[in-house]
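Undergrad: Structure in structure tokens, see below.
Residue numbers (my numbering): 167 to 864.
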């Protein structure tokens, strides 16, 4: 057993647990873990530690850890923050493998608390002990009954073992989904709230539960991603055996980020980088608790959604219309039913029914008990019907709900296709759930669940089987903002095509450059790292077609740069290049996740339009094309009216080259801004005509 495995075994399946600060009152923090272990079937030894009592909740109590006479596998430390450090030292000296620290007053409170937290970790490391917390609600394994957790939720909502794990940096965000799941009848095996993540963090806990072959779904709440490599490995392990991870990464709004920092003492990373990182590793990013748990029954059934092409059927035309609208909103494709399927449905449905998708069975469903299974049978034979949503807006006398649910369950099981129902009546939903059919209150929830499940399945299939190998980091000379010529030279080295240009320090040199470039229309621009925004200072002169105008523009630029205090005023003379469309291509190096490449519409309105997509390096040309398809201007890639198709291949090639170069230089590079990147007609390439590279320096 490795050290890591032994640590998690000590937390989730300990042979013995001590509770320091134990209380006879199950409503106190030091009393709840003892009460839970008594109540929820823990069969190991429990050692309450409290010098003021001899018996606590039926267990013999001990004045201190040393009096127990043996080292417990795990310890709950439920004393004040001031007393915690000494208890950690005692636990380490006694040979305890893991401790859960419930006290607050550490990194979440500021610098002084962060210092106290570092002392805790250092003391634990000296002895090889691992810590959960501080400021942790704790861990729980409801299969073993080892509930080292002080939440009141388990008193209100009784636990039950099941195939779901919940890992959270927040106590409240761990028990909210737990309550929703348990009240819906789903069992939860693991529930962990890690608090400040000082040592064993949420990523480590996700990796631990991902290794349990009986866990099919891991629900996660994060305010920071402290160990992305560990999270990537956890996702890889889960995907390899068909388990799914759905995560909320909170703190992405300006106010939310500030609240997260004060709550956990964590620095919140670049939100676009987090999106890209989670997507790369097949982790679905939920936006709220509702989305976190909404598709749970589909994940647990694990029926393949195919391409997600969905059939909507109901005995209400209105439900079908609303579901179709919702499907379009969620990018959920509705199935184009095969002609043979339509003919068969036409023979089954009444004349006033609708044999198309959405499928309207009308109120004739009341009198024709065999209609529903016959419709399902016809759909099952259609190779393009991947998923089914059945809307039941009303049921009552005359509706054989039991038969409908039985037929729906039999279809879903025999065809191995996801099928869900929506019904506002709880009594109807209960019948379907009893037969194993996921049931939702509204068609909006049903469609959203199907869309999430299908999209997540595609995301997981696209994720690499193993994490990409990161090349050794290489350095770059220089620091800070680079001038345009050096920036273009770095991009050319990276493999991004750049505009033909010359660097000139005099009027005569500029005129010679104009001649050398073939006398074509040129642009003259001031070139100084200190002045990155050239147009604001009148340092950009366009469409110059003769030597005299080049000379005038150069003189004006050199004079302006001198007035701005530039020590070495120079100009760039570059060929005027007109593309089919202006794009922007950029890099931002996230301190946690590495280089993030941005692709979007360029020009002066880039920040206003914000039509951009982002990719985490490294990535492939196919990844770029899939991302670009999400841009609002995506139709331009195929051509629009009299506008020819754009060279998407060249754009993808340049983006990949830039991403690979940024990854190689990730420790030296701060950012890249190419705007505009001229994208030509298909087959004609791309060209960077202006760029600013920022280096971190040594």
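Think of the CB as a built atom: it goes at the ideal place given N, C-alpha and C, for glycine as much as any other residue.
Let me know the secondary structure DSSP gives residue 342 once reduced to three states.
TA: Here residue 342 refers to the residue found at position 176 when the chain shown is read from its first residue. Residue state, collapsed to three classes: helix.
Undergrad: Closest to residue 457 by CA distance: which of 401, 387, 477 is it?
TA: One-based indexing of the chain shown puts residue 457 at position 291. Closest option to residue 457, Cα to Cα, is 387.
Undergrad: For residue 590, does the three-state DSSP call read helix, strand or coil?
TA: The residue given as residue 590 occupies position 424 in the chain shown. Coil, per DSSP.
Undergrad: Exposed or buried, which one is residue 267 when buried takes at least 16 other CB atoms within 10 Å?
TA: Mapped onto the chain shown, residue 267 falls at position 101. Looking at its Cβ environment, which holds 16 or more other Cβ atoms inside 10 Å, residue 267 is buried.
Undergrad: Which first and last residues belong to the beta strand (DSSP E) in which residue 415 is found?
TA: For the purposes of this step, residue 415 is identified with residue 249 of the chain shown, where counting begins at 1. Here the beta strand (DSSP E) through residue 415 covers 410-415.
Undergrad: Ordered along the chain, which non-local residues of its own chain (more than five positions away) have a Cβ less than 8 angstroms from that of residue 508?
TA: Here residue 508 corresponds to residue number 342 of the chain shown, with the count starting at 1. Correct list, in chain order: 521, 522.
Undergrad: Would residue 442 and residue 797 be called neighbours here (beta carbons separated by less than 8 angstroms)?
TA: Here residue 442 refers to the residue found at position 276 of the chain shown. Here residue 797 refers to the residue found at position 631 of the chain shown. Not closer than 8 angstroms, so no.
Undergrad: From what residue to what residue does the alpha helix (DSSP H) around residue 389 run?
TA: Position 223 of the chain shown, counted from the first residue, corresponds to residue 389. Looking at the DSSP string, residue 389 is not in any alpha helix (DSSP H), and its letter there is neither H nor E.
Undergrad: Which word fits residue 356, buried or exposed, when buried means at least 16 other C-beta atoms lie within 10 angstroms of its C-beta?
TA: Stepping through the chain shown from its first residue, residue 356 is reached at position 190. Buried, because 16 or more other Cβ atoms sit within 10 Å of the Cβ of residue 356.
Undergrad: Using only the alpha-carbon positions, how far apart do residue 615 and residue 606 sit?
TA: Against the chain shown, residue 615 aligns to sequence position 449. Against the chain shown, residue 606 aligns to sequence position 440. Rounded to whole angstroms, residue 615 to residue 606 spans 9 angstroms at the Cα level.
Undergrad: Checking 8 angstroms against the spacing of the C-beta atoms, do residue 633 and residue 402 come in under that value?
TA: Taking the first residue of the chain shown as position 1, residue 633 is located at position 467. Taking the first residue of the chain shown as position 1, residue 402 is located at position 236. Contact flag set, yes.
Undergrad: Where residue 178 and residue 416 are concerned, what is the direct C-alpha to C-alpha distance, given to the nearest angstrom?
TA: On the chain shown, position 12 is the one that residue 178 refers to. On the chain shown, position 250 is the one that residue 416 refers to. Taking the straight line from one Cα to the other gives about 27 angstroms.
Undergrad: Quick check: the Cα distance between residue 586 and residue 554, rounded to an integer number of angstroms?
TA: If you number the chain shown from 1, residue 586 lands on position 420. If you number the chain shown from 1, residue 554 lands on position 388. If I take the Cα positions, the gap works out to 6 angstroms.
Undergrad: For residue 200 and residue 464, I'd like the C-alpha separation in whole angstroms.
TA: Counting from 1 along the chain shown, the entry for residue 200 is found at position 34. Counting from 1 along the chain shown, the entry for residue 464 is found at position 298. Their backbone Cα atoms lie some 36 angstroms apart in a straight line.
Undergrad: Which runs of the alpha helix (DSSP H) spanning at least 4 residues fall entirely within the stretch 275-320, listed in chain order?
TA: The stretch 275-320 contains these whole alpha helix (DSSP H) runs: 277-293.
Undergrad: Which complete beta strand (DSSP E) runs does the stretch 209-247 hold, if anything under 3 residues is left out?
TA: The qualifying runs are 211-215, 240-243.
Undergrad: Determine the DSSP secondary structure at residue 803, reduced to helix, strand or coil.
TA: Stepping through the chain shown from its first residue, residue 803 is reached at position 637. If DSSP states are grouped into helix, strand and coil, residue 803 belongs with the helices.
Undergrad: Could you tell me whether the stretch 371-386 touches the stretch 329-339, where touching means 3 or more Cβ pairs closer than 8 angstroms?
TA: Because the criterion of three Cβ pairs below 8 angstroms is met, the stretch 371-386 and the stretch 329-339 touch.
Undergrad: Quick one: Cα of residue 365 to Cα of residue 251, how far?
TA: Against the chain shown, residue 365 aligns to sequence position 199. Against the chain shown, residue 251 aligns to sequence position 85. C-alpha separation (whole angstroms): 14 angstroms.
Undergrad: Give the range of the beta strand (DSSP E) segment to which residue 716 is assigned.
TA: Along the chain shown, one-based indexing puts residue 716 at 550. No beta strand (DSSP E) holds residue 716; the alpha helix (DSSP H) holding it covers 713-729.
Undergrad: Under three-state DSSP, which class holds residue 199?
TA: As a working mapping, residue 199 is identified with position 33 in the chain shown. The answer is helix: DSSP assigns residue 199 an H, G or I state.
Undergrad: For residue 282, I'd like the list of residues in its chain whose CB is within less than 8 angstroms of its CB, leaving aside the five on either flank, ordered along the chain.
TA: If you number the chain shown from 1, residue 282 lands on position 116. Around residue 282: 247, 251, 271, 272.
Undergrad: Could you please give the first and the last residue of the uninterrupted beta strand (DSSP E) stretch that includes residue 854?
TA: Looking up residue 854 in the chain shown gives position 688. Start and end: 852-854.
Undergrad: Mind checking whether residue 525 and residue 560 have CB atoms under 8 angstroms apart?
TA: Counting from 1 along the chain shown, the entry for residue 525 is found at position 359. Counting from 1 along the chain shown, the entry for residue 560 is found at position 394. In this structure, residue 560 does not lie closer than 8 angstroms to residue 525 by Cβ.
Undergrad: Can you give me the Cβ contacts of residue 649 inside the same chain, cut-off strictly under 7 angstroms, excluding the 5 residues immediately before and after it?
TA: Counting from one through the chain shown, the residue named residue 649 turns up at place 483. Cβ within range, chain order: 693, 694, 695.
Undergrad: Using a Cβ-Cβ cutoff of less than 8 angstroms, which residues in the same chain neighbour residue 581 once the five nearest sequence positions on both sides are dropped?
TA: Residue numbering aside, residue 581 sits at position 415 when the chain shown is read from its first letter. Closer than 8 angstroms at the Cβ level, and outside the excluded window around residue 581, lie 546.
Undergrad: Comparing C-alpha positions only, which one of 790, 751, 237, 625 sits nearest to residue 773?
TA: Here residue 773 is taken as the residue at index 607 of the chain shown, counted from 1. Comparing Cα positions, the closest option is 751.
Undergrad: For the alpha helix (DSSP H) containing residue 455, list its first residue and its last residue.
TA: Start at 1 with the first residue of the chain shown, and residue 455 comes out as number 289. Counting along the chain, the alpha helix (DSSP H) containing residue 455 begins and ends at 455-460.
Undergrad: How should residue 284 be labelled, buried or exposed, when 16 other C-beta atoms within 10 angstroms of its C-beta is the threshold for buried?
TA: Numbered from 1 along the chain shown, position 118 holds the residue referred to as residue 284. Residue 284 is exposed by the Cβ-count criterion.
Undergrad: Residue 505 lies in the alpha helix (DSSP H); which residues open and close that run?
TA: On the chain shown, position 339 is the one that residue 505 refers to. Its alpha helix (DSSP H) spans residues 505-514.
Undergrad: Quick test of the definition: if touching needs 3 or more C-beta pairs under 8 angstroms, does the stretch 665-672 touch the stretch 709-718?
TA: Touching, no.
Undergrad: Residues bridged to residue 707 by DSSP?
TA: The count along the chain shown starts at 1 and reaches residue 707 at position 541. Its beta-bridge partners are 690.
Undergrad: Please report how far the alpha carbon of residue 565 lies from the alpha carbon of residue 404, in whole angstroms.
TA: Here the question's residue 565 lines up with position 399 in the chain shown. Here the question's residue 404 lines up with position 238 in the chain shown. Taking the straight line from one Cα to the other gives about 42 angstroms.
Undergrad: So for residue 322, helix, strand or coil by DSSP?
TA: What you label residue 322 is simply residue 156 of the chain shown in a count that begins at 1. It is helical.
Undergrad: Closest to residue 192 by C-alpha separation, out of 316, 215, 305, 243, would be which residue?
TA: Counting from 1 along the chain shown, the entry for residue 192 is found at position 26. For residue 192, the nearest C-alpha among the options comes from 316.
Undergrad: Judging by CA-CA distance, which residue of 302, 321, 455 is the nearest neighbour of residue 362?
TA: If you number the chain shown from 1, residue 362 lands on position 196. When each option's Cα is compared against that of residue 362, the closest is 302.
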